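Start counting the sequence shown at 22; every next residue gets the next number (the UniProt record's numbering). Structure record follows, encoded as structure tokens.
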Amino acid sequence: LPRCEMIKTEKVGEKSNVGLITFNRPRQFNALCLQLIKEVADTLEHFDNDETVGATVITGNEKHFSAGADIKEMAGKEFAASYKKDFLVDWDRIRTVKKPIIAAVNGYAFGGGNELSMICDIVYAGEKAVFSQPEINIGTIPGAGGTQGWSRFGSKSWAMEVCLTGNRFTAQEAQMAGIVSRIFPPKELVSEAIKLGEKISSKSPILIQMIKEAVKVAYETNMQQGLQYERRLFHSTFATNDQKEGMTAFAQKRKPNWTGN
Ligand code: CO8
């Protein structure tokens, strides 16, 4: 695993087949400085290349998932340097991770913190989670996907209200909006997310990768192109060993033995 200072990284689950990334800047409420985001991207890429890992959970602590971009680091930025260096470009590395990522959100998920959870493929929240895009209150706007995520995964009305006001929303409201799938008691959240990761890790890795790719296409293209993309991937499953194994095992009434090929 890459050496990290701002996050804790480990392999968890009964078979050590789930990656776990825990933000570790509690005094800064897990604010996402550039180094922290780079460490998250490096670790996710590492897990993508580790054949023993099938999914990764990202979490903070019980009070704070993350208070967003590190405002002190960002305060002095100028347009030209931000533009030329494409500030936030490391976020694209997180968007292109192939294996499923699960966000386990307890406490505050503000600004970039919430945007990071929306890049994850599945979001589980603790009952006391609080979601907000407060950028409007500090002289900027969401920059890591907030306006797009709330619109595409939620709705126009939610996106506008959240981003225009900086208001805070509960886990229940975030679930209603569509950006959270399940809510758990805070103490059970991370273990539930890990259980989900273990379940995903027990499936065929190549088929899991195809499913993530196909679902993501739904948010990037129209229905007709999305259906075509899905059907082509579906056709390609018949070129895999795992399709042969899965259907043979079904007929033989036994558990499939996935190889990921
Ligand atoms: N950045 C840097 N430091 C922070 C941040 C932050 N986002 N949030 C909290 N801290 C620090 C505080 O400065 C303070 O440090 P210190 O003790 O050294 O003064 C410590 O954490 C505790 O904070 P508070 O004293 O304010 O604690 P409260 O319990 O009173 O309030 C809040 C907690 C409500 C979370 C409050 O701190 C707050 O409003 N924070 C800012 C939230 C915010 O505006 N986030 C959005 C940032 S903008 C953004 O994310 C843009 C997205 C662009 C892409 C992302 C790029 C990485």
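Every residue, glycine too, gets a C-beta built ideally from N, C-alpha and C. Being a predicted model, the structure only gives us computed values, none of them experimental.
Drop a sphere of 10 angstroms on the beta-carbon of residue i, count the other beta-carbons inside from all chains shown, and report buried for 16 or more, exposed for fewer.
| i | result |
| --- | --- |
| Met181 | exposed |
| Thr117 | exposed |
| His256 | exposed |
| Ala124 | buried |
| Ala101 | exposed |
| Thr80 | buried |
| Met27 | buried |
| Ile42 | buried |
| Pro206 | exposed |
| Glu156 | buried |
| Ser176 | exposed |
| Thr269 | exposed |
| residue 4 | Residue 4 lies beyond the range of the chain shown here (22 to 282); nothing can be said about it. |
| Ala96 | exposed |
| Thr64 | buried |
| Phe271 | exposed |
For residue i, which of the options has the nearest alpha-carbon?
| i | options | result |
| --- | --- | --- |
| Cys25 | Lys224, Val33, Lys36 and Asn45 | Asn45 |
| Lys29 | Cys54, Val61, Lys98 and Leu53 | Val61 |
| Arg114 | Asn38, Ile140, Val144 and Ile92 | Ile140 |
| Ile215 | Leu22, Val126 and Leu53 | Val126 |
| Ile200 | Lys220, Ile157 and Ser138 | Ser138 |
| Val39 | Lys237, Leu22 and Gly75 | Gly75 |
| Trp112 | Gly34, Gln56 and Glu83 | Gln56 |
| Ile227 | Gly218, Ser178 and Ala260 | Ala260 |
| Ala88 | Lys105, Gln246, Leu53 and Asn70 | Leu53 |
| Arg275 | Gly281, Glu266 and Glu234 | Glu266 |
| Asn82 | Arg48, Tyr104, Ala90 and Thr73 | Arg48 |
| Thr280 | Ser222, Glu213 and Glu66 | Ser222 |
| Lys220 | Lys208, Asn70, Ala239 and Thr77 | Thr77 |
| Ala235 | Lys36, Gly247, Thr73 and Asp91 | Gly247 |
| Asn51 | Tyr250, Ala90, His67 and Thr73 | Ala90 |
| Glu251 | Ser103, Glu72, Ile232 and Gln169 | Ile232 |
| Asp71 | Glu94, Lys98 and Ser37 | Ser37 |
| residue 360 | Gln196, Thr73 and Tyr240 | Nothing can be reported for residue 360, as the shown portion of the chain is limited to 22 through 282. |
| Asp69 | Lys32, Gly187 and Glu213 | Lys32 |
Taking C-beta to C-beta, are residue i and residue j nearer than 8 Å?
| i | j | result |
| --- | --- | --- |
| Phe174 | Ser153 | no |
| Lys109 | Ala165 | In the sequence as presented, Lys is not what sits at residue 109; that position holds Leu. Cβ distance < 8 Å, so Leu109 and Ala165 count as in contact. |
| Gln230 | Lys119 | yes |
| Val151 | Arg189 | yes |
| Gly134 | Phe86 | yes |
| Leu185 | Tyr145 | no |
| Leu217 | Ile122 | no |
| Ala192 | Glu136 | no |
| Gly34 | Lys84 | no |
| Asn262 | Asn278 | no |
| Ile58 | Ile159 | no |
| Thr258 | Gln249 | no |
In terms of residues, what are the limits of the alpha helix (DSSP H) holding residue i?
| i | result |
| --- | --- |
| Thr269 | Asn262 to Ala272 |
| Lys32 | It is not in any alpha helix (DSSP H) - Lys32 instead sits in the beta strand (DSSP E) that spans Ile28 to Val33. |
| Tyr250 | Met244 to Thr258 |
| Ile123 | Looking at the DSSP string, Ile123 is not in any alpha helix (DSSP H); the run it does join, the beta strand (DSSP E), is Ile122 to Val126. |
| Thr186 | Lys177 to Thr186 |
| Glu241 | Run containing Glu241: none; DSSP gives neither H nor E here. |
What span of residues does the beta strand (DSSP E) with residue i cover, start to end?
| i | result |
| --- | --- |
| Val144 | Ile143 to Gly147 |
| Phe44 | Val39 to Phe44 |
| Thr80 | Ala76 to Thr80 |
| Ala90 | Run containing Ala90: none; DSSP gives neither H nor E here. |
| Ser172 | Premise fails: Ser172 is in no beta strand (DSSP E) and is neither H nor E. |
| Ala52 | Looking at the DSSP string, Ala52 is not in any beta strand (DSSP E), and its letter there is neither H nor E. |
| Phe108 | Phe108 -> no beta strand (DSSP E), and no H or E assigned at all. |
| Ser153 | Val151 to Ser153 |
| Ile204 | Arg203 to Phe205 |
| Ala130 | Tyr129 to Phe131 |
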